[in-house]
Each structure stands twice: as C-alpha cells, then as structure tokens.
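Encoded as structure tokens, the structure appears first; notes follow it.
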Amino acid sequence: MYSSAKLPLQVQRIYNPSIEEFNKLYAVPGKPVLITGVVSQWKACSLWNPQYFKSLAGERGVPVKRMKNGNYREASSELMTLSEYLALVNNNPVEEDRVYLSEQPVKKILPELVSDYSVPAYIDSKEPLAACYIGSHVYSQIHFHPYGKALLCVVSGRKKVKLFAPDQTQFLYQKYNFSKITDEPVDLEKYPLYANANYYECEVNAGEMLFFPIYWWHGVDTREFTSAVVFFWNDPRRLRWLPPPGIPWHTPLLFEIASWYFKGKAILRKLASYQDRS
1 MYSSAKLPLQ
11 VQRIYNPSIE
21 EFNKLYAVPG
31 KPVLITGVVS
41 QWKACSLWNP
51 QYFKSLAGER
61 GVPVKRMKNG
71 NYREASSELM
81 TLSEYLALVN
91 NNPVEEDRVY
101 LSEQPVKKIL
111 PELVSDYSVP
121 AYIDSKEPLA
131 ACYIGSHVYS
141 QIHFHPYGKA
151 LLCVVSGRKK
161 VKLFAPDQTQ
171 FLYQKYNFSK
181 ITDEPVDLEK
191 YPLYANANYY
201 ECEVNAGEML
211 FFPIYWWHGV
221 DTREFTSAVV
231 FFWNDPRRLR
241 WLPPPGIPWH
251 TPLLFEIASW
261 YFKGKAILRK
271 LASYQDRS
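Structure representation (structure tokens):
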C-alpha cells in the first residue's frame, strides 16, 4: 500500500520580507517560509538554461551523482563534461538510474555563474556556501542539515518539497541525517510509521526561495529541468549543540566528530601533496 501520509500543511508564502521580519518570524523560531520577490530579480532567471550552461562551460568536467530510486545517501560519483551531463539528463528514461549535478560549489565548478546572482541579505554569515543543483526527474530522499540553515533558490523550473518538523523524526526511520525511505510515494507496508507523520508541502517555482531551518527534514522532487542555487550557512555551535525536540541528543556530537574527521583527512591530503612536490 502506498500513501503520502496525512493531508499536508501549507508553508507560508511571503513577499520580500525585511531582514528584521525574517529573523523574528522565521530564522530565530526555526520556521520554514517561502519567499518571493528576491530571486526573481536575479539576472540568472533570464539566462539559466541548458544552452547557456553549454556555451559557458560545455567541455568542463563536472562531478555528478548517480543513484537508484532517489537513494541520495548511497549515490556514487562520476566525472563527465557538462555537455555530456546535460545530454544525459535530456535523454535519460525515468526508469533508469538518475544522474544529478548537485551540492557542487558554484565558485569552484562554474565560477562564470557567480555574477548572475547575489547572496540574499537574510544570510547572517560572511562565508555562506553557494552550491548549484542542476537536473531533471530526480528525487532527493528525506534528510536534514545538521550544521545550519539553508535557502533553496530556484532559478529555472520548479521543485516540490515536503518538510517535516524535527519532532516528526520518530516517524521517518532515521539513519544519520537521512531517512531510510527512498521512494515517493512511500510504501506504508514497509514504513508504516510514516502514516503518522505531519508534514508541510510546497512548490518552489522559478524566482522563489524556500528557507530550511536547521534540523528540519525535507524531501525534494524535481520533475522537470530545473536549476537552483542553495545557500548553506552554519549556526553557532551553542545552537547546534541544543537540538530541538525529536532530534536525538547525541546527534550534534556525531556530526561534530564527523566534521573533525573530514577536516583531518583534508589536512593529511594537503600534507601528502606537499611531500610529493618536494
């Protein structure tokens, strides 16, 4: 038996709020919101399409993820040119493995795009990460961000998003910051607790942005060719170490250890490269 659980709650939609309004009503209390009137002013909204991307960097190698049934956590990575990727996205039958150009820093892989957008004023960080997401017919399984907030800014196309408050964790079959559920709609015979979950639902269209508070679960469905920038910025440690109800108390500790581990590996790689040069 398949189902989408209960009837969805609706995410509030608001036009170009002030920074003070955004912080008071959404960022501080940790409440998602869909914002209009900001991304629509970007130059990118009139430019970003497959032809534009190919003209800028068609022969550049880009890392893409390959996955089955939206199983984003266990996706493999491979390198192909941007033109090859766009052709594959255009011709890839829905029943085959999905490929997805995602989570890649814009400044690193497609720096030509940086001048097409601006960092939203709502971000209270000097160094947010701007990552590009370009693809079609791909589902990213339910997950949360353990380090801080995010703004999903859709430039072209649209994304359908389900959001679950942290207190719904008990119904989502948690494994680290991912859900074990990889399909949409959800098979309730396999995941019966999901039927008890309350969730919000919204469609983020071109020129709109969606705010994700820290620890809020979300699954993202992209049914047509869509390009987006997601801005990530970390919350202070004192906030990360006080997870809201529903998130296991030890979750921040696990991700802090993971962060130290990967930073250590990066330092070791740099040291090894210096030794190789000497």
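Numbering (the UniProt record's numbering), first residue to last: 1 to 278.
Note that the Cβ used here is the ideal one computed from N, Cα and C, for glycine as well.
Cβ-Cβ separation between residue 158 and residue 103: approximately 20 Å, too far for a contact (criterion under 8 Å). In the three-state reduction of the DSSP assignment, residue 115 falls in the helix class, which pools H, G and I.
For residue 9, same chain residues with a beta-carbon under 8 Å away, outside a window of 5 residues either side, are 198, 199, 200 and 201 in chain order. Per the C-alpha coordinates, the member of 118, 156 and 142 positioned closest to residue 135 is 156. In the DSSP assignment, residue 64 falls within the beta strand (DSSP E) that extends over 61 to 67. Pairwise C-beta distances place the segment 50 to 67 in contact with the segment 104 to 121, as three or more of them are shorter than 8 Å. Residue 144 sits away from residue 48, with the two beta carbons spaced by 7 Å or more.
For residue 123, no beta strand (DSSP E) run applies, since DSSP gives it neither H nor E. Within the same chain, Cβ atoms closer than 7 Å to the Cβ of residue 86 are found at 50, 53 and 54, the five residues on either side in sequence being excluded. Distance from residue 106 to residue 229 at the Cβ level is roughly 7 Å; contact confirmed, criterion being Cβ atoms closer than 8 Å. Leaving aside the five residues that flank residue 193 on each side, the residues in its chain whose CB is nearer than 6 Å to its CB run, in chain order, 171. The Cβ neighbour count for residue 118, taken over all protein chains shown within 10 Å, is under 16; the residue is labelled exposed. By DSSP's assignment, residue 14 forms a beta bridge with 35.
For residue 19, the enclosing alpha helix (DSSP H) covers residues 19 to 22.
Residue 151 is bridged by DSSP to 211 and 231. Here residue 28 is exposed. Its C-beta has fewer than 16 other C-beta atoms within 10 Å. Residue 130: not part of any alpha helix (DSSP H); member of the beta strand (DSSP E) spanning 129 to 135, first to last residue. Residue range 98 to 105 is occupied by the beta strand (DSSP E) that includes residue 105.
Nearest to residue 121 by C-alpha distance, out of 243, 248 and 231, is 231. Nearest C-alpha to residue 222 among 177, 213 and 100: 100. Linking residue 22 to residue 196 through their CA atoms gives a straight-line distance of about 30 Å.
Annotated as proximal: residue 182 and residue 70, with beta-carbon spacing under 7 Å. Note that the C-beta distance between residue 162 and residue 173 is not below 7 Å.
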